[in-house]
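Residue numbers (our numbering): 530 to 978.
Take a look at the structure:
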């Protein structure tokens, strides 16, 4: 007999919103939490998230061994701090910084914090230039696509920067430089270009945006920098499309961020941001604090934070190297393009893109195809088989268009993709068989970031 589920503590219900009166056995507490987490679903079938859900056993062992390391405590963990430095130097080299030895960077808690830091640097540089010229510096604005990730909306809200959104359209599906002169002015701190739009996975053409800004500078004198939000694409483009010029090869690119926990292939909790040189990061944003016996320069929104993910990133850099990353991402892109071809060939759907940038693509219902169901119904139907495939409205400019999106990550194999297609076709056949419209599933949108 296994007494685990009948011993004291297991036979009663723990309080949900207050601390229990007394203690419980370690095994009991573990089992309760384990069972709750079990109800989350299978992460491998989550086709909504960009965040990594699998690493090798050696990485899991390294994670367990280093989970107690505090990244901010560089005096206590100097080797972890050195490894952090090695990682962003590797990224500066990967992204073609003019002189990687004189670039500057840091790890962060995801690419959202990295974006915040990059935005702060843009704002502070602009403020310094305005004050030096004797001009007001109280009305900064930031120009970006209406399809930016929500972290940029947060940045503008939290740090009093006016967001200027360039709406996407059927003709201009990403920010491509068209009409940019209507949005920038002397108060523009920078333009955000996205390498891998979260709605659809498409690259924004950074070189074309840079050229448009060159033309604006030639006619107005405005010298506006670019920040590249490479949350996903900055860890894919160097390996799969090295000829694409989007990075520090463009002099106007001041900074780049990425997510180590997306296509950097690390477990959740890691981002990176790199500035092309010291002049791109104002020194007055860097704090020098005395902590646990040492002087520590730091530029971060968080203080204490895990160091384990940084070590996992270094593990992967050593484990995979350039060719390993290229092979992993090429396999994911092959699966994405296969899925896109198969879904695009179905009578019900129209593809928005084909997964050839990052391994992400979106589709919509074919106009006039049917009137008894929508993509929210399809999303719910797929969830019955364990698949999480979000349906959501596109951003301003195309807000009346609803799409579904698939993110292909490391570990989502061609065989799993075939199983998904079987379930997708079955779901569509079931929905098509309805003689009357399905009731409104009650979804106004889905989390798509």
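Think of the CB as a built atom: it goes at the ideal place given N, C-alpha and C, for glycine as much as any other residue.
- Taking the C-beta atoms as reference points, residue 620 is found nearer than 8 Å to residue 803.
- Shown here for residue 941: same chain residues with a beta carbon closer than 8 Å to its own, the five before and five after excluded, namely 573, 576, 861, 864 in chain order.
- Between the alpha carbons of residue 696 and residue 673 lies a distance of about 9 Å.
- For residue 756, DSSP records a beta bridge to 721, 784.
- The shortest C-alpha to C-alpha distance from residue 811 to any of 645, 641, 655 is the one to 655.
- Exclusion of the five residues before and after residue 965 leaves 901 as the residues of its chain whose Cβ lies within less than 8 Å of its Cβ.
- Take the alpha-carbon of residue 639 and the one of residue 767: they are about 20 Å apart.
- Residue 933 counts as buried, since no fewer than 16 other beta carbons sit within 10 angstroms of its beta carbon.
- Taking C-beta atoms under 8 Å as the contact rule, residue 795 and residue 613 fail to qualify, at a distance of about 13 Å.
- Per DSSP, the beta bridge partners of residue 634 are 803.
- The beta-carbon distance between residue 918 and residue 725, rounded to whole angstroms, is 18 Å. This is too long to meet the 8 Å contact definition.
- Restricted to the stretch 727 to 751, not a single beta strand (DSSP E) segment is unbroken, complete and at least 3 residues in length.
- Buried is the label assigned to residue 584, since at least 16 other Cβ atoms lie within 10 Å of its Cβ.
- In the three-state reduction of the DSSP assignment, residue 673 falls in the strand class, which pools E and B.
- Separation of residue 571 and residue 758 (C-alpha to C-alpha, rounded to the nearest whole angstrom) is 29 Å.
- Contact between the stretch 697 to 715 and the stretch 832 to 852 is absent, with fewer than three C-beta pairs closer than 8 Å.
- DSSP places residue 922 in the strand class (E or B) of the three-state scheme.
- Per DSSP, residue 838 lies in no beta strand (DSSP E) segment; the continuous alpha helix (DSSP H) that holds it begins and ends at 837 to 873.
- Between the stretch 921 to 939 and the stretch 954 to 970 there are fewer than three C-beta pairs closer than 8 Å, too few to call the two in contact.
- Residue 554 sits exposed, since fewer than 16 C-beta atoms from the chains shown fall within 10 Å of its C-beta.
- Straight through space, the alpha carbons of residue 595 and residue 603 are spaced by roughly 14 Å.
- Pairwise C-beta distances place the stretch 896 to 913 out of contact with the stretch 746 to 758, as fewer than three of them are shorter than 8 Å.
- Secondary structure remark: continuous beta strand (DSSP E) runs of at least 3 residues inside the stretch 890 to 954, in chain order: 920 to 922, 931 to 936.
- In this structure, residue 809 keeps its C-beta atom at 8 Å or more from the C-beta atom of residue 755.
- For residue 707, the secondary structure class from DSSP, reduced to helix, strand or coil, is coil.
- Rounded to whole angstroms, residue 896 and residue 579 show a C-alpha spacing of 29 Å.
- In this chain, the beta strand (DSSP E) harbouring residue 695 covers 691 to 695.
- The C-beta of residue 882 has 16 or more other C-beta atoms within 10 Å across all chains shown, which makes the residue buried.
- Residue state for residue 614 is assigned as helix, using DSSP reduced to three classes.
- Around the beta carbon of residue 938, 16 or more other beta carbons lie within 10 angstroms, which makes this residue buried.
- Proximity to residue 690 across 907, 971, 868, 645 peaks at 645, based on C-alpha coordinates.
- For residue 878, the enclosing beta strand (DSSP E) begins and ends at 878 to 880.
- Here residue 567 is exposed: its Cβ has fewer than 16 other Cβ atoms, across all protein chains shown, within 10 Å.
- Looking only at 662, 679, 652, the smallest Cα-Cα distance to residue 668 is reached by 652.
- The three-state reading of DSSP puts residue 686 in helix, counting H, G and I together.
- Collapsing the DSSP output to three states places residue 768 in a helix.
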